[in-house]
């Protein structure tokens with residue numbers, strides 16, 4: 001059928017099918033700023049202006065648009081940015097930028113109607129565009145800024161608010177309620193400098209993201225924005241059963257369907273064992289997966305895959321595949337899965353290294369320092385509590401997507417939204433029978449990952465199909481598939497037992513953890529190990545023990561999720577110690593402060609839980625804390641949240657709202673920075689004719705700003721502006737190796753590699769500059785302002801120096817390559833505060849404010865760092881407050897849609913205030929530690945502790961949904 | 001079989017009703033629900049009848065009555081100053097911005113979701129739905145409550161008419177402030193007295209007695225709230241909503 005639309009002011013006649021969405025047609029016409037996030041308009045990623053209204057094109061047929069005017073972001077694109085685009089760039093309002101086009105269109109429409117919108121009006125406009133990355137903090141600021149510019153108002157440069165410290169950096173401050181926190185826009189990070197940090201030119205500055213133009217203009221950036229000629233579409237047939245044996249598959253009808261090019265399943269794909277978690281070689285056991293199995297172990301598990309000419313044909317082909325199942329009993333709870341008689345989930349004979357398959361016991365992990373039982377015997381008090389934490393999903397707005405094809409040399413090329421391109425290449429090779437050298441994995445921009453994409457999840461499917469069809473094949477998961485077939489956070493049952501003396505000394509602490517890894521191991525061992533590490537490292541107890549079982553069940557597969565075991569552990573730990581403090585009549589912060597780790601303290605259980613260097617004899621001493629800004633964090637956070645109000649009964653119980661109780665909650669947070677002796681990043685830098693540099697890094701920027709931050713590090717060394725560093729990342733054929741974007745490692749590891757590579761280039765530039773300037777000592781040359789300066793004030797531009805080296809004399813390509821692996825894992829620290837209201841008649845909890853003050857060393861870029869905090873807090877809020885997987889009795893997820901699975905929208909986010917407390921971490925590049933994951937750790941326990949403060953009721957299960965809270969209130 | 005095999009855009013109600021009388025055919029308002037549902041039902045190809053050219057987008061006022069065409073978008077309802085304040089607020093709460101700009105009043109009525117705060121608001125404003133049924137020549141007026149219990153069937157919602165007087169309030173409980181409420185009570189006080197409707201307690205919103213809101217209710221249970229909990233909320237929220245409009249007229 002033909003439709004006529006006015007697309008970006010051009011009248012167009014377009015041929016469309018009745019079933020085609022406007023999204024599909026617009027993308028086919030090259031409007032790649034219009035993006036897929038779901039089929040039901042849940043995400044807003046597909047929003048465009050139709051007759052001036054912001055509407056979703058994923059739930060709108062193309063035929064509905066006949067006769068209407070459509071505006072996409074492409075309409076805005078000229079050489080100069082539109083003021084709205086410029087405002088989004090200036091304020092750091094985009095991370096991955098996946099939904100930025102929709103936000104800009106919404107802003108344009110809003111400002112046409114309301115030139116000076118309120119916060120509420122802006123947030124209402126954004127309510128239809130979900131963002132998992134920014135918490136909407138900086139997008140709201142961007143809209144205000146754009147409005148001001150369009151009104152002709154002057155705007156200030158956007159940068160951090162620098163605040164004086166409240167402590168000496170070591171000791172607690174005396175809290176003064178009469179000294180309120182300075183007021184400023186919440187989008188502005190509060191930066192508390194350290195005297196130990198020198199002034200720098202590029203590092204520490206709010207530089208614009210290096211990918212800003214591409215993202216803010218909606219230019220081709222993401223996997224689906226590039227299309228190969230003759231590309232086929234893949235779909236996966238998924239199990240309707242939680243546990244079943246596949247007795248037979250008949251694909252004859254599907255194969256015979258015109259337009260179907262391949263159907264693959266267990267009967268025609270070789271059975272090769274692997275583990276899908278994107279981890280360093282060798283992947284941890286058990287290798288309990290195959291590309292297609294004759295058994296399914298959760299609803300949504302793979303059964304078969306199809307490659308066809310169109311999505312419609314592929315979907316029809318799935319319907320024609322006849323599968324004969326023998327349905328088996330299933331088990332979903334980690335405690336029940338270990339009971340005698342529970343269904344055995346891995347009964348095959350070719351999976352090894354399962355601790356006890358008959359009990360579904362994948363791993364048993366133990367670690368101990370000291371003698372815990374002796375500690376309990378001698379302690380004045382022993383407290384024991386059990387906590388249960390639940391399953392949630394990462395929810396990147398860009399679902400998993402990959403395209404594979406054989407290039408002209410018949411090498412396999414995979415363009416994929418992955419956090420681990422190099423691991424993917426290595427893991428894919430045996431599955432498709434190709435050598436690593438014959439595989440190229442390209443990571444373009446990613447629309448969020450959060451650990452879900454630290455997995456070789458779908459790349460083998462598209463590669464198998466590309467080999468079968470000898471055509472490019474694309475597979476993009478739907479939102480429902482993303483929930484049921486992607487990766488999630490591990491549910492756990494955690495029991496803490498703590499021995500304490502009357503003076504508050506922690507004598508012994510035992511952490512018993514039962515982890516639920518669903519039907520496959522992927523990250524089971526490492527996530528649970530990190531839970532133990534984080535759950536037993538934050539406080540100095542004289543005796544510690546970690547006792548952990550990890551079990552198989554039939555829930556959708558848990559894996560890596562930002563925080564990687566720490567949010568579960570720190571929820572239990574911070575809740576438990578809160579209750580211990582209250583039981584002892586101690587102020588919780590004072591009680592925790594007595595034992596939390598400080599500079600010089602050993603991280604004493606770490607070597608027994610993964611960081612083996614001391615145990616292996618590589619290091620002589622246990623790792624120690626070398627930088628710690630927690631006291632400054634606590635002081636800033638207490639002031640920002642107004643900590644004194646919790647003692648004011650008029651504030652706790654407002655007279656005009658008798659059903660409301662207010663509370664404040666605190667959690668101490670500690671995380672890690674990279675995995676010592678394991679995480680490795682490489683970098684290569686070369687100079688160009690004009691004195692600019694190309695930088696190749698394996699590091700994987702998934703919206704975090706990694707490319708920008710690493711570029712800033714190189715620019716600082718080379719004495720140039722960031723715009724003179726051209727960053728290209730994550731292409732296994734082109735860039736150096738990198739383990740990938742996980743474990744809060746990128747700035748620390750890949751940034752150090754960049755610093756080392758830049759220093760090699762710098763040194764060579766100095767040698768040539770010394771010769772050109774007639775200076776004897778190259779080390780006396782200084783690089784700044786894109787010039788090499790001699791002590792006498794003479795200088796040569798890097799452009800002239802490059803021309804000399806490339807074209808004139810002693811010809812050479814000045815370049816440097818370096819890689820880095822660290823023996824250290826310096827912890828970032830943070831103080832997390834939450835303010836909330838509890839409706840004691842209904843159980844509804846409303847979070848009204850979150851404050852995080854974080855010591856991440858030196859924030860290389862305070863805007864991107866604060867963006868990491870804001871986005872992490874929003875995700876953590878969902879974890880503690882509202883997100884959960886709901887299943888029917890057969891293991892089918894019944895809320896696999898955004899809405900029923902609730903993630904926060906712009907018009908309901910609490911106020912978020914971010915403090916960046918500087919410390920100088922000498923092992924990091926220019927003093928940096930990690931910031932990406934620690935925001936995930938403290939929100940859930942701070943909410944729990946605030947509910948306790950408000951109502952006196954302690955709730956030990958997540959999330960704090962209305963009925964759970966109401967039931968607890970009734971029980972009390 | 002493609003998921004959607006035919007698309008029609010009739011220009012008059014008779015033609016629309018004739019098309020809708022065919023098997024496997026659904027009316028298309030904004031499409032936010034019907035399009036995604038149609039695109040996954042591949043066992044039978046769906047035919048869709050788009051109502052956008054029927055001229056049902058008007059909002060008119062006559063005395064204390066407001067008539068809203070069925071193709072009026074919730075986004076337009078929200079910003080029209082002639083619409084009672086409570087209805088505007090409920091239109092905003094019903095859906096986030098982008099979906100609100102697509103979804104229509106008629107589609108909302110046709111779907112009849114038990115979670116719809118807008119429908120509950122229309123109920124307490126004495127909504128009367130004007131319907132054209134297949135095989136009839138004259139539109140039929142039905143109280144909204146009856147339309148919801150009868151289901152719209154193969155008919156077409158032409159418009160809905162409400163009283164504009166009085167003052168209303170909503171009280172709801174959800175997981176987050178903008179969540180679809182587990183239960184919500186919508187109350188309106190006018191010269192005729194107080195009317196209350198509840199969401200989250202049945203297959204469609206239901207009008208209840210302000211002084212005995214849980215009488216006869218058997219709310220469903222789901223992962224967000226059991227039936228007993230919903231009953232409890234119904235009582236608490238009704239009392240609050242009624243109290244907040246105490247003395248208003």
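Residue numbers (my numbering), protein chains in the order written: chain A, 1 to 972; chain B, 1 to 249. All residues carry an ideal CB built from backbone N, CA and C; glycine is no exception.
Under the three-state DSSP convention, the category residue i falls into
i              : result
residue 138(A) : helix
residue 682(A) : strand
residue 329(B) : Only positions 1 to 249 of chain B appear in the structure, and residue 329(B) is not among them; the question remains open.
residue 175(B) : coil
residue 543(A) : strand
residue 635(A) : helix
residue 249(B) : Because residue 249(B) sits at a pLDDT of 47, beneath the cut-off of 50, its placement in the model cannot be relied upon, and the point is left open.
residue 274(A) : strand
residue 596(A) : strand
Neighbourhood of residue i by C-beta, 6 Å cutoff - its chain only, sequence neighbours within 5 removed
i              : result
residue 249(B) : Here the model assigns residue 249(B) a pLDDT of 47, short of 50, so the residue's position is not dependable, and the following value carries that caveat. Closer than 6 Å at Cβ, skipping near neighbours: no residue.
residue 368(A) : 545
residue 780(A) : 791
residue 43(A)  : 37, 130, 397
residue 619(A) : 613
Chain A contact for residue i (CB, 9 Å cutoff)
i              : result
residue 95(B)  : yes
residue 101(B) : yes
residue 170(B) : no
residue 249(B) : For residue 249(B), the pLDDT reaches just 47, beneath the cut-off of 50, and the residue's location in the model is therefore unreliable, leaving the point undetermined.
residue 233(B) : yes
residue 6(B)   : yes
residue 3(B)   : yes
residue 52(B)  : yes
residue 186(B) : no
Beta-bridge pairing of residue i - partner residues as DSSP gives them
i              : result
residue 728(A) : 696(A)
residue 188(B) : 168(B), 195(B)
residue 768(A) : Paired residue(s): none; residue 768(A) is not in a bridge.
residue 4(B)   : 46(B)
residue 307(A) : 234(A), 262(A)
residue 795(A) : 789(A)
residue 887(A) : 893(A)
residue 901(A) : 898(A)
residue 325(A) : 246(A)
Any C-beta of chain B under 9 Å from that of residue i
i              : result
residue 513(A) : no
residue 127(A) : yes
residue 516(A) : no
residue 376(A) : no
residue 115(A) : no
residue 102(A) : yes
residue 66(A)  : yes
Residue nearest to residue i in terms of C-alpha spacing, selected from the options
i              : options                        : result
residue 420(A) : 431(A), 117(A), 453(A), 395(A) : 453(A)
residue 562(A) : 574(A), 555(A), 488(A)         : 488(A)
residue 91(A)  : 203(A), 17(A), 140(A)          : 140(A)
residue 492(A) : 392(A), 831(A), 604(A)         : 392(A)
residue 78(A)  : 513(A), 217(A), 756(A)         : 217(A)
Neighbourhood of residue i by C-beta, 7 Å cutoff - its chain only, sequence neighbours within 5 removed
i              : result
residue 146(A) : 83, 84, 87, 107, 111
residue 840(A) : 659, 661, 951, 969
Nonlocal neighbours in the same chain, by C-beta distance under 8 Å from residue i, ignoring five residues either side
i              : result
residue 576(A) : 383, 385, 387, 496, 498
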